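In this note's numbering, the protein residues as written are -3 to 121.
Just so it is clear, CB atoms sit at the ideal spot from N, CA and C, and this is done for glycine as well.
Computed from a prediction, not measured in an experiment: that's the story for all the values here.
Notes follow the structure.
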């Protein structure tokens, strides 16, 4: 799989954009734990080959699956919010749309500005 992805491009930014799309789509259908167990062993070696820091990759992975937890069709957190607020799924999703947009903006910024996710750990290690 690594050879196939790297035959398309070896640019870290393009590889991470591809990973973001794959993880967001996986987050639509899988809960976070399952998606991490399935995708991390497949994607992390490729990320390491193009020079992406493991901490940075982990942060991007978590943000992607956080977005997946509040987007249909599975969106487990939508059902929790629906039960707590006594609102319909459509009302809850409509209320979450601005937050989803902000999370996607944060994902783009963190993906392409790596020091945002590696600065604090670099102080410790």
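Worksheet item: If you drop the 5 nearest sequence neighbours on each side, which residues of the same chain put their C-beta closer than 6 angstroms to that of residue 43?
Response: Reading the chain shown from its first residue, position 47 is the one you call residue 43. Counting only residues of its own chain and dropping the five nearest sequence neighbours on each side, residue 43 has a CB closer than 6 angstroms to the CB of 53.
Fill in: Three-way DSSP call (helix, strand, coil) for residue 54 in this model
What you label residue 54 is simply residue 58 of the chain shown in a count that begins at 1. Secondary structure at residue 54: helix, using DSSP grouped into helix, strand and coil.
Fill in: Local Cβ density within 10 Å of residue 110, reported as buried at 16 or more and exposed below that
Here the question's residue 110 lines up with position 114 in the chain shown. With 16 or more Cβ atoms within 10 Å of its Cβ, residue 110 is classed as buried.
Worksheet entry | Uninterrupted alpha helix (DSSP H) stretches inside the stretch 53 to 121 (no shorter than 4 residues) | With a minimum length of 4 residues, the continuous alpha helix (DSSP H) runs that stay inside the stretch 53 to 121 are 72 to 81, 85 to 108, 111 to 120.
Discussion item. Using the three-state DSSP reduction, which class does residue 17 fall into: helix, strand or coil?
Written reply: Taking the first residue of the chain shown as position 1, residue 17 is located at position 21. Helix at residue 17.
Fill in: Endpoints, the alpha helix (DSSP H) within which residue 35 is located
As a first step, residue 35 is located in the chain shown; it is residue number 39 there, counting from the start. Looking at the DSSP string, the run of the alpha helix (DSSP H) that includes residue 35 is 28 to 45.
Practice prompt. Give the secondary structure of residue 48 by DSSP, where H, G and I count as helix, E and B as strand, and everything else as coil.
Written response: In the chain shown, the residue the question calls residue 48 occupies position 52. Three-state DSSP puts residue 48 in coil, outside helix and strand.
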